Each structure stands twice: as structure tokens, then as C-alpha cells.
Amino acid sequence: MAEPVRTAVVLAAGLGSRLGPLKGDKPKAFVEIGGVSLIERSIRLLLENGIGKIIIGTGYVSGQFDGLAGIYPQVVTVKNPIYDKTGSLYTLYVLREHLNGPFLLLEGDLLYEPAALRHLLDDEGENIILASDATHSGDEVFIQSGKDGLLEMMDKDKSKLAQVSGELVGISKLSTKVLGAMATYAERQYAGNNYHVHYEDALVAIANATALKVKVVKDMAWCEIDDPSHYERAVSVVYPKILQRS
């Protein structure tokens, strides 16, 4: 039986410049839907699902997240000191020493239905990437998996994939072994002065040697909020669907 997951990592270091005035001078994880910020909503859902430690990888206006750590004792913040010069993988790399067991890895700009977490936590698999069917939301990351359901490729350009199996949601369940493999990949990239790689790049790079299950869930209510069009879709389509299912 797989070790139960009690830790989550939220990657929330980015500037979120494409959101413009919607986020003001705050990180994009503080955009509010239904009167609650994305990050606080994620924290509450994680706590409700048995997660006892939440590590937030911060960067831009990191003090905003430190305030959350004062409200929720389960929250720890770790700052990426060069967040404006690096991709999301570096944020994970910086906080890796805080992880000593399996963990959920989430992007900080997500709005998702509560059941999304259960799809991973209730699955006996060690390493699982949550995916959805087509959202047509724009800016999608497309996933190609093999007949065995294991990750083969991810890219925003679907023409680079032999076939599209699903879309990356931005929530995964990973083991410390996979974290170690991702860190090794990161160090090779950084040795070549390539700091702009993202965690998705690392997952694809290690997929040949490590079994990463792609779990496609149809009709899941979720979205990322990266620009004004994403925000409008969140408010008019995704959030009402989440409320209907609550």
C-alpha cells in the first residue's frame, strides 16, 4: 500500500504579468473568485483532505504569502530568490529539502473542484499526473500518454504530440524518488545556465526511466487563471459548475 500523502507543495512564485490590473500589486494566486483567493481556497481544500503541511514556493511579493503562514500554522513559505529569472522547476528545487515523503504538487493559479484532489489521494499509484479532457480554454498544456497510460510527452504545441490524451490540470502526486530525479535533471540544466525550465519539462525528461501515470478525468471543473480571458471563464463557467457540484 502506498504511503499516505500528508504534504502539499504549491508553486506560486511567478509575476503573473498577463493578468494586468486584475491582480493589482499582489501575486496572481491572490486573485479572488467568489470572495476567496485562489491560494486560500487551495489551502482550505488541502486541509479538508488530510494534508497537514503545505509548502508554498514564493517569489513575487512573497510577504503576501507569509501573512497566510501566520493564519494557517500548517503553511510554510520558501522563497525562490531569483523567481524573476527562473522557471517553476527552480522554485521546486529550492524547497526540495523540506520534502521527505510523497506530496501533492499544485500550481498556484488554479481554481478546481474539491473532487480533483480525491482523484489523486484515493489512487494507490505513487506517481500520478492529473489530466482532463479538452477544455478549449486557451494556453493548454497537452499530454501524450502511451497505451499503458504512462506519460510520454507534454507540450503547449499539440503538433509536437503523436496524439492528445488529455490536458495538464496542474495537480500531481509525486514520490521522493521522482523528486530526486527531477532535481538531478534540474542540476544538469542549471549547469548549462538554463534556468527557465519548468517542472513539466522535468517530468517529461524523466518519463523514459520513471513510470508517471496520466489520470484523465472527464468533465472536471477546473481552470488556471493566467490572463483576463481565463478569469472571465473562471467566473462565468467554472465557478458556477463547482458551486453546482458542492
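Residue 256 in this note's numbering sits at position 245 of the sequence shown, with consecutive numbering throughout. The beta carbon of each residue, even a glycine, is placed where N, CA and C say it ideally should be. Here the structure is a predicted model, which is why all the values come from computation and not from measurement.
Quick test of your reading: residue i and residue j, contact by CB under 8 Å. State the CB separation rounded to the nearest angstrom.
i	j	result
HIS130	LYS226	6 Å
PRO38	TYR71	5 Å
VAL16	LYS224	The Cβ separation is near 15 Å, so there is no contact.
LEU132	ASN60	6 Å
LEU161	GLU211	At roughly 15 Å, the Cβ-Cβ gap does not stay under 8 Å, so LEU161 and GLU211 are not in contact.
LEU22	GLY68	5 Å
GLY119	ALA232	Their Cβ separation, rounded to whole angstroms, is 18 Å, which puts GLY119 and ALA232 out of contact at 8 Å.
Starting from residue i, trace the alpha helix (DSSP H) both ways and give me its first and last residue.
i	result
TYR104	99-106
SER247	Run containing SER247: none; DSSP gives neither H nor E here.
GLU151	Looking at the DSSP string, GLU151 is not in any alpha helix (DSSP H), and its letter there is neither H nor E.
GLU135	GLU135 -> no alpha helix (DSSP H), and no H or E assigned at all.
GLU59	49-59
Residue i lies in the beta strand (DSSP E); which residues open and close that run?
i	result
LEU122	121-123
ALA80	Unbroken run through ALA80 is the alpha helix (DSSP H), 74-82; no beta strand (DSSP E).
VAL189	Careful: VAL189 lies outside any beta strand (DSSP E), inside the alpha helix (DSSP H) at 187-202.
LEU30	No beta strand (DSSP E) holds LEU30; DSSP gives it neither H nor E.
ILE65	64-69
LYS90	86-90
ALA19	18-22
LEU162	162-166
PHE41	PHE41 -> no beta strand (DSSP E), and no H or E assigned at all.
LEU172	Looking at the DSSP string, LEU172 is not in any beta strand (DSSP E), and its letter there is neither H nor E.
In angstroms, rounded to a whole number, what distance separates the CA positions of residue i and residue j?
i	j	result
ASN219	ARG55	35 Å
VAL87	ILE66	5 Å
ASP238	ASP230	22 Å
VAL175	LYS169	7 Å
GLU198	ASN91	16 Å
ILE236	ALA80	23 Å
SER156	ALA216	14 Å
For residue i, is the classification buried or exposed, using 16 other Cβ atoms within 10 angstroms of its Cβ as the cut-off for buried?
i	result
GLU137	buried
LEU110	buried
SER53	buried
HIS287	Outside the displayed range of the chain (12 to 257) lies residue 287, so it cannot be described from this structure.
ILE93	exposed
Considering only residues of the segment 201-241, which uninterrupted alpha helix (DSSP H) runs meet the minimum length of 4 residues and lie entirely inside it, listed in chain order? 210-217
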